[in-house]
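2 protein chains.
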Amino acid sequence: MLQEPDRTGPPVRTSVWLDGRPVARTRRTDRTDHPSGLDRDRITAVSLRLLDAEGPGKFSMRRLAAELGVTAMSLYWYVDTKDDLLELALDAVFAEIEVPVAEGAETDEETDWREQLLELAARYRAVLVRHPWASPLIGKYLNVGPRSMDFSAAVKAIVARTGLSPRGQMGAIAAVFQFVYGFSTVEGHFVQRCAEAGLGQDAYFRHAMGAIGEQPRLAGAFAGVEETRELRGGGTVEEMRERDFTFALDLLVAGIETMRAREEESEAGEGPERS
Amino acid sequence: MLQEPDRTGPPVRTSVWLDGRPVARTRRTDRTDHPSGLDRDRITAVSLRLLDAEGPGKFSMRRLAAELGVTAMSLYWYVDTKDDLLELALDAVFAEIEVPVAEGAETDEETDWREQLLELAARYRAVLVRHPWASPLIGKYLNVGPRSMDFSAAVKAIVARTGLSPRGQMGAIAAVFQFVYGFSTVEGHFVQRCAEAGLGQDAYFRHAMGAIGEQPRLAGAFAGVEETRELRGGGTVEEMRERDFTFALDLLVAGIETMRAREEESEAGEGPERS
DNA sequence: ACCTGAACACCGTTCAAGT
DNA sequence: ACCTGAACACCGTTCAAGT
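Structure below.
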């Protein structure tokens, strides 16, 4: 069915976590084993700091090495490629998302899944906005690092309690978390742009709107934007965005509830179903 | 309130469409005016072709210039920076999304907004998957090119007919189209990865799953994945993804309907509201 | 008005060599 | 086992110069 001859060609590289060199390389007796005090954890931590501070555009193997007091080539002892490094940094970002419960599904009956879902979505958003460079990487890599997996597990555990069927759960997960991903990606980049321009979000927004107004070609659309802005109840850019995010999540929760009710109906109507 | 001294520092660069040189530079008498037959449209078209064919990683000013039979520096006559070029290519991508109606809101009563929303979402997704390099750019730039604006206008027009309040409309737009954006971004990258690895989507998926299974650390999560896969009804990777996308959109439509009903209720309960 | 060559200050990565 | 120097094949962009 597929043109894959089982075992041919070069091995497919999927992820540091899967095809990479065994992680154990870092942890020998103690870290003073390494002349420069280098190990994967330190390299990852400094990468994350640099990416936050200077942006992905200025992040290079040479820059990172300089920060670590070492030549660029030393890094290749710990990592096969720059992409590996970015995957490590990305997984470290996921570590910042506190997940509600580790494993035990005991206290689940206590707290509402709605509450937990909103909470986790808010945390995911906060992390993506705090590290805008991470969003493109989430799209790029497989996200199978331990921290990413913990996050996925938490998401699944919460959505499992909605009462949706398994395939409904998958759809709901996609709806909620791809939304948060898309929303936060755009938000994070905008925040970053403002910071780079040295403007506040409202000032930047006004500047862009002003520039649009000057373009005769876009004047019509500009009027639409202004009008919409007023209708939305005004306020700062951040207030408007906050309202949009909250409304969208409420909408998604309402959607989940409705889909669940529909599944129940069709179950009752069709009699006992298999599986 | 904001530390913006009204007029200071270097002018803020927002977008080719706003701060860029006037577009007119391209169209003089006829295009044979230009010795090399170069103009913005041709440069944009070739950029798009190269980005599709070779990926964003291999796309450079030098590579593009070579394709156009010209030195890299010639391009800077038409464009201030590589980012400008990418913004132009991105807007060209939006041109591929056919929007239902141009302006006239006449036949609106005829077709259901649900139908139109699903249709537009599907087209948006198709375009993002066809041009995976475009997704990160949507996050990066302001998207105020004429084609992007046409798309936004179409989105707004459709959602306006849901009966939601203006701020509800904004939230609904965010929920639906940020979801499609997130979903399609991940999908597009995955498709691209498979193509690069020379594997089909199922083969790549199986390869990755196999690698996960070999990692003792991730074995637990792996079991979860396999289990989920079965519960979801199996089928190919593409079939499962298709089901997720459809379910999520149904969920979103249901959510819109519910939110609208709630708005109606609270309006009736509170009596006439201002605005 | 449009295009070029040379140059600047960078990249990621390889490879043989050092300790 | 860990780190380095030199080198390769690239980048985006500037700037003075050509036609």
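Protein sequences, first through last, are from chains A and B. Going left to right, the first sequence walks through residues 0 to 274 as numbering that gives the first Met the number 0 numbers them. Going left to right, the second sequence walks through residues 0 to 274 as numbering that gives the first Met the number 0 numbers them. Ideal Cβ positions, reconstructed from N, Cα and C, are used throughout, including at glycine. Bear in mind that the values here come from a model prediction, so they are computed numbers and not experimental data.
Report yes or no: is there a C-beta of chain B within less than 8 Å of the C-beta of alanine 247(A)?
Locating residue 247(A) in the first sequence gives position 248, counting from the first residue. Interface residue, yes.
Quick one: what does DSSP say arginine 192(A) is sitting in, helix, strand or coil?
In the first sequence, the residue the question calls residue 192(A) occupies position 193. Helix.
Compare the beta carbon distance of leucine 250(B) and glycine 170(A) with 8 Å and say whether it is the shorter of the two.
Mapped onto the second sequence, residue 250(B) falls at position 251. Mapped onto the first sequence, residue 170(A) falls at position 171. The answer is yes: Cβ separation under 8 Å.
According to the neighbour-count rule (16 or more other Cβ atoms, all chains shown, within 10 Å of its Cβ), is serine 134(A) buried or exposed?
Counting from one through the first sequence, the residue named residue 134(A) turns up at place 135. Buried, by the Cβ-count rule.
Touch check for the stretch 142-152 of chain B and the stretch 93-100 of chain B: three-plus C-beta pairs under 8 Å?
yes
Below 8 Å on the Cβ atoms is my contact criterion, and I expect arginine 231(B) with arginine 166(A) to pass it. Report the Cβ-Cβ distance as a whole number of Å.
As a first step, residue 231(B) is located in the second sequence; it is residue number 232 there, counting from the start. As a first step, residue 166(A) is located in the first sequence; it is residue number 167 there, counting from the start. With a contact defined as Cβ atoms closer than 8 Å, arginine 231(B) and arginine 166(A) qualify at about 5 Å.
How about threonine 184(A): is its C-beta nearer than 8 Å to some C-beta of chain B?
The residue labelled residue 184(A) in the question sits at position 185 within the first sequence. By this cut-off, threonine 184(A) is an interface position.
Tell me whether the stretch 31-43 of chain A and the stretch 75-86 of chain A touch, counting them as touching only if at least three CB pairs, one residue from each stretch, are closer than 8 Å.
yes
Any beta carbon of chain A sitting closer than 8 Å to that of lysine 81(B)?
Stepping through the second sequence from its first residue, residue 81(B) is reached at position 82. Judged by the 8 Å Cβ criterion, lysine 81(B) is not in contact with chain A.
Going by DSSP, what residue range makes up the alpha helix (DSSP H) through phenylalanine 203(A)?
Position 204 of the first sequence, counting from 1, holds the residue named residue 203(A). A small fix is needed here, since residue 203(A) is tyrosine in this sequence, not phenylalanine. Tyrosine 203(A) -> alpha helix (DSSP H) spans 200-213.
Can you name the residues of chain A whose CB is closer than 9 Å to the CB of methionine 60(B)?
The residue you call residue 60(B) lines up with position 61 of the second sequence. Simply none; closest approach about 16 Å.
Cα-Cα separation between arginine 20(A) and serine 14(A), rounded to whole angstroms
Within the first sequence, the letter at position 21 stands for residue 20(A). Within the first sequence, the letter at position 15 stands for residue 14(A). Arginine 20(A) and serine 14(A): Cα-Cα distance of roughly 10 Å.
For alanine 153(B), which residues of its own chain have a beta-carbon under 6 Å away from its beta-carbon, when the five flanking residues on both sides are left out?
Reading the second sequence from its first residue, position 154 is the one you call residue 153(B). So the qualifying residues of the chain are Val98.
Of all Cβ atoms in chain A, is any one closer than 8 Å to the Cβ of alanine 153(B)?
On the second sequence, position 154 is the one that residue 153(B) refers to. With a threshold of 8 Å between beta carbons, alanine 153(B) makes no contact with chain A.
Output needed for aspartate 292(A): all residues of its chain with C-beta closer than 8 Å, excluding positions within five of it in sequence on either side, in chain order.
The displayed coordinates of chain A run from 0 to 274. Any statement about residue 292(A) would go beyond what the structure contains.
Taking 8 Å as the CB-CB limit, is tyrosine 180(A) close to chain B?
By one-based count along the first sequence, residue 180(A) stands at place 181. Yes - at least one Cβ of chain B is within 8 Å of the one on tyrosine 180(A).
Where isoleucine 42(A) meets chain B, residues with beta-carbon distance less than 8 Å
The sequence position of residue 42(A) within the first sequence is 43, counting from 1. Result: empty, since nearest Cβ-Cβ is about 20 Å, beyond 8 Å.
So if I threshold CB-CB distances at 8 Å, which residues from the stretch 132-149 of chain A count as touching chain B?
Ser134, Pro135, Ile137, Gly138, Lys139, Leu141, Val143, Pro145, Met148
Is valine 11(B) close to chain A, meaning its C-beta is less than 8 Å from at least one C-beta of that chain?
Taking the second sequence and counting its residues from 1, one reaches residue 11(B) at position 12. So yes, valine 11(B) belongs to the interface.
Alpha carbon of alanine 174(B) to alpha carbon of leucine 67(A), nearest angstrom
For the purposes of this step, residue 174(B) is taken as the residue at position 175 of the second sequence. For the purposes of this step, residue 67(A) is taken as the residue at position 68 of the first sequence. So the two alpha carbons sit approximately 42 Å from each other.
Going by C-alpha distance, which of Leu127(B), Met258(B), Leu17(B), Pro10(B) is nearest glutamine 177(B)?
Within the second sequence, residue 177(B) is the residue found at index 178, counting from 1. Ranking Leu127(B), Met258(B), Leu17(B), Pro10(B) by Cα distance to glutamine 177(B) puts Leu127(B) first.
Where alanine 88(A) falls, given that 16 or more other Cβ within 10 Å makes a residue buried:
Working through the first sequence from its first residue, we reach residue 88(A) at position 89. Buried, since its Cβ has 16 or more Cβ neighbours within 10 Å.
Segment contact, 8 Å Cβ cut-off, at least three pairs: the stretch 191-201 of chain A with the stretch 263-270 of chain B
no
Note down the Cα distance separating alanine 71(A) from tyrosine 180(A), rounded to an integer number of angstroms.
Counting from 1 along the first sequence, the entry for residue 71(A) is found at position 72. Counting from 1 along the first sequence, the entry for residue 180(A) is found at position 181. So the two alpha carbons sit approximately 33 Å from each other.
Assigned secondary structure, alanine 290(B) (DSSP; H/G/I helix, E/B strand, else coil)
For residue 290(B) there is no data in the structure shown, the boundaries of chain B being 0 and 274.
What does threonine 257(A) touch in chain B if you count any residue whose Cβ is under 8 Å from its own?
Taking the first residue of the first sequence as position 1, residue 257(A) is located at position 258. Residues of chain B passing the Cβ test: Leu250, Ala253, Gly254, Glu256, Thr257.
If you measure from the beta carbon of leucine 17(B) to each beta carbon in chain A, is any gap under 8 Å?
Residue numbering aside, residue 17(B) sits at position 18 when the second sequence is read from its first letter. So, interface residue.
What do you get for aspartate 243(A), buried or exposed, if any count of 16 or more other CB atoms within 10 angstroms of its CB means buried?
Walking along the first sequence from the start, residue 243(A) turns up at place 244. Result: buried.
Please list the terminal residues of the continuous alpha helix (DSSP H) segment that includes tryptophan 16(B).
Walking along the second sequence from the start, residue 16(B) turns up at place 17. Taken as a continuous stretch (DSSP letters only), the alpha helix (DSSP H) holding tryptophan 16(B) covers 15-18.
Is leucine 49(B) closer than 8 Å to arginine 62(B) when the C-beta atoms are compared?
Taking the first residue of the second sequence as 1, we reach residue 62(B) at position 63. Taking the first residue of the second sequence as 1, we reach residue 49(B) at position 50. Contact: yes.
Do leucine 17(A) and leucine 117(A) come within 8 Å of each other at the CB atom, strictly closer than that value?
As a working note, residue 117(A) is residue 118 in the first sequence. As a working note, residue 17(A) is residue 18 in the first sequence. Taking 8 Å as the Cβ cut-off, leucine 117(A) and leucine 17(A) do not qualify as a contacting pair.
Serine 59(A) to aspartate 90(A) span [Cα, whole Å]:
Walking along the first sequence from the start, residue 59(A) turns up at place 60. Walking along the first sequence from the start, residue 90(A) turns up at place 91. About 19 Å.
Just to confirm before moving on: does the CB-CB distance between glycine 162(B) and alanine 253(A) stay below 8 Å?
Within the second sequence, the letter at position 163 stands for residue 162(B). Within the first sequence, the letter at position 254 stands for residue 253(A). In this structure, alanine 253(A) does not lie closer than 8 Å to glycine 162(B) by Cβ.
Own chain partners of serine 183(A) with C-beta closer than 6 Å, once the 5 adjacent residues on each side are dropped
Translated into positions along the first sequence, residue 183(A) becomes position 184. Counting only Cβ-Cβ distances below 6 Å, and skipping sequence neighbours, we find Arg124, Leu127, Val128.
Which runs of the alpha helix (DSSP H), 4 residues or longer, sit entirely within the stretch 26-91 of chain A?
39-53, 60-66
Threonine 257(B) to lysine 57(A), Cα distance in whole Å?
Looking up residue 257(B) in the second sequence gives position 258. Looking up residue 57(A) in the first sequence gives position 58. Computed Cα separation, rounded: 46 Å.
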